[in-house]
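If you read the sequences in order, they're chains A and B. Sequential numbering from 1 applies to the first sequence in my numbering. Sequential numbering from 1001 applies to the second sequence in my numbering. Yeah, the Cβ is synthetic: ideal placement off N, Cα and C, and Gly gets one too. In this text the structure is predicted, and so the values were computed from the model without any measurement.
There are 2 protein chains.
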Amino acid sequence: MPQTTPVIALHGGAGTILKSNMTPELEAAYHAALRTCLEAGLAVLRNGGTSLDAVTASVVELEDNPLFNAGRGAVYTTDATHEMDAAIMNGATRDCGAISGICGPRHPILAARAVMEKTEHVFLAGDGARRFCETADLEMQDAEWFGTEQRLKALKAEMERRRSGLADDGDPARKHGTVGAVALDRFGHLAAATSTGGMTAKTPGRVGDSPVIGAGTWADDATAAISATGHGEYFIRQVVGHEIDARMRWAGQDLGTASGSVVSELGVMGGSGGLICVDAKGNIALPFNSPGMYRAWCGKDGVVHTAIYRD
Amino acid sequence: MPQTTPVIALHGGAGTILKSNMTPELEAAYHAALRTCLEAGLAVLRNGGTSLDAVTASVVELEDNPLFNAGRGAVYTTDATHEMDAAIMNGATRDCGAISGICGPRHPILAARAVMEKTEHVFLAGDGARRFCETADLEMQDAEWFGTEQRLKALKAEMERRRSGLADDGDPARKHGTVGAVALDRFGHLAAATSTGGMTAKTPGRVGDSPVIGAGTWADDATAAISATGHGEYFIRQVVGHEIDARMRWAGQDLGTASGSVVSELGVMGGSGGLICVDAKGNIALPFNSPGMYRAWCGKDGVVHTAIYRD
């Protein structure tokens, strides 16, 4: 069996805090969190585990950290509820699982994985999805467990802004945050996982790109594993993940060219955000058109990197 | 403005009744229904209307006809409820709207169109989607209105089969039915619409390919308008609509080659079904790998055709 050097990358959302609002302490906390979450997946890979288990491990850590908009720390809908979405895809088989509109499982990514592994379906949403979670042997938490002071403040500020008719302050942190991971394991297999609380003050029932296979989440050993973060409606209309796949497969583009051009075109349309991707050779690309994207990666050189803004 | 000859095609699902169970009376009823539904959209086009209005008009007719699994005549979930999905896409702008898991609007396709036209979102599911429908000025019906004796019988037979552990009888009519329409208007614009009750005895909350933009529904003036019908999980994993688009755009394939090869590859994977598509030159392709697909079309020659089996 060929031994590939394992590679992993993750994002904590393209909706970074405006640089003007960032403090050195908070910035350090983000870098430390990104490193910890990356190392969770990296440890799986270095112990000979699969890319599927590695992206799961990293997203589980990201979901538990209230700094990121997924799992604990998920944003609120206009009803002040949480509705979480997640998806996972195995590049070796194109098996996938997605779930939308749930609040219950501590780890929505494990709910998505249960859809993939325990049902004949690939996508469950709403009430039925919540009922499935109760039978899927997942750790459950009360709605309060997911909430944080900071997210509630963001909801109130956004509702107040809408009531008063004030212009958007352009803070991307309120608009979109998502977490995700992509990995290549030593067996040459790719996997991708994405999890999110959605947009602050979203309409209940809104499905973003994260659980839409081909849009926010995609993996195929023949091309790449991709996890996106951004203004989901644009990412759905561009079928972002599958579009990168298609440019690699049908136009012979490399990972950097395909992913970079797709993210640029999103920007031209008004779709802000970014994505992380890795191909079967272990190349990594982390393009974004927003002011920043929380991200961490460990490529073929084996060195862990973390970054927030463009530099 | 260039005047293109308008073209339209529709399907009433690839889950046709087994030829052995078909009677001459029922077959005649299907052909008549397919013609009526096609003519609804064709009239819009011939009166100078848009492809978006034409596919809406045809799908509205298909939804009202209990012969087809969408709107009235939708199949039942394991809970003996209806959960309907629909999506619509405008090839001129890539605007789109999708809805999943609803029971209320007489015409789910109008609910999908309302998501596109009245919200900043593209996809709503579950409770939130149902609540949106109540505010969207749509004609609503009680759950009983959608039910038919025949669909209830199909649910009971399937539940009985599962209880008794009998093998599947291979009747595709129980597995998947969907309706959809694609059109090219005189302005050269494409549109696609899809609506479905899903699979008989599906898990509540299951989302199939119909409302997944890029999978069961796709339209882009640069390539084609596509509406799929079949075993949705496979169609999601292959991102069927967008894959045909990608082969046309990036590999220079024509509509027939791209759609035919995608449907063949689905068959190899075990994904039964088919799709209807039209390109910006007015070419139509109606490939399927199942025993039949209810379909009707009117191409550049202006003649209405209807068909069920491979004949």
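Going by DSSP, R186 of chain A is part of no beta strand (DSSP E) at all; its letter is neither H nor E.
By the Cβ-count criterion, A70 of chain A is buried, with 16 or more other Cβ atoms from all chains shown falling within 10 Å of its own Cβ. Restricting attention to beta strand (DSSP E) runs no shorter than 3 residues, the region 119 to 173 of chain A encloses them at 123 to 125, ordered along the chain. Secondary structure of R1237 of chain B (DSSP, three-state): helix. Within the region 1088 to 1118 of chain B, the residues whose Cβ lies closer than 7 Å to some Cβ of chain A are R1094, C1096, S1100 and G1101, listed in chain order.
The closest CA to that of R1206 of chain B, considering only B:Y1030, B:I1236 and B:G1188, is found on B:I1236.
In this structure, the CA atom of A1285 of chain B is about 11 Å from the CA atom of V1263 of chain B. Of the residues assessed, N1090 of chain B falls on the buried side of the cut-off, its CB having 16 or more other CB atoms within 10 angstroms. At a cut-off of 8 Å between C-beta atoms, A251 of chain A counts as an interface residue with respect to chain B.
Residue environment analysis places L26 of chain A among the exposed positions, since fewer than 16 neighbouring C-beta atoms fall within 10 angstroms of its C-beta. L1275 of chain B does not reach chain A, its nearest Cβ partner there being about 16 Å away, counting only Cβ pairs nearer than 9 Å.
As the crow flies, the alpha-carbon of A1192 of chain B is around 18 Å from that of R1046 of chain B.
Taken atom to atom, the span from the alpha-carbon of A1143 of chain B to that of C1103 of chain B is near 6 Å. P66 of chain A and T81 of chain A have their C-alpha atoms roughly 16 Å apart.
The alpha-carbon of Q1141 of chain B is positioned some 6 Å away from that of P1105 of chain B. P287 of chain A carries a coil assignment under DSSP once its states are collapsed to helix, strand and coil. Residue state for A1098 of chain B is assigned as strand, using DSSP reduced to three classes. Per DSSP, A280 of chain A lies in no beta strand (DSSP E) and is assigned neither H nor E.
In the same chain as K1118 of chain B, and ignoring 5 residues on each side of it, the C-beta atoms closer than 8 Å to its own belong to A1136, in chain order. G15 of chain A is outside the set of residues whose beta carbon lies under 8 Å from a beta carbon in chain B. Counting only runs of 4 or more residues that sit fully inside the region 197 to 283 of chain A, the alpha helix (DSSP H) segments are 232 to 237, 240 to 251 and 255 to 269, in chain order. Among the residues of chain A, those whose CB is under 7 Å from the CB of D1127 of chain B are G126, D127, P204 and G205, following chain order. When DSSP reads this structure, A1087 of chain B sits in a beta bridge with B:A1098 and B:T1194. Of the candidates A:D127, A:E120, A:C96 and A:M293, A:C96 places its Cα closest to the Cα of R113 of chain A. Beta-carbon to beta-carbon, A1219 of chain B and A1225 of chain B are separated by about 4 Å, close enough to satisfy the 8 Å threshold.
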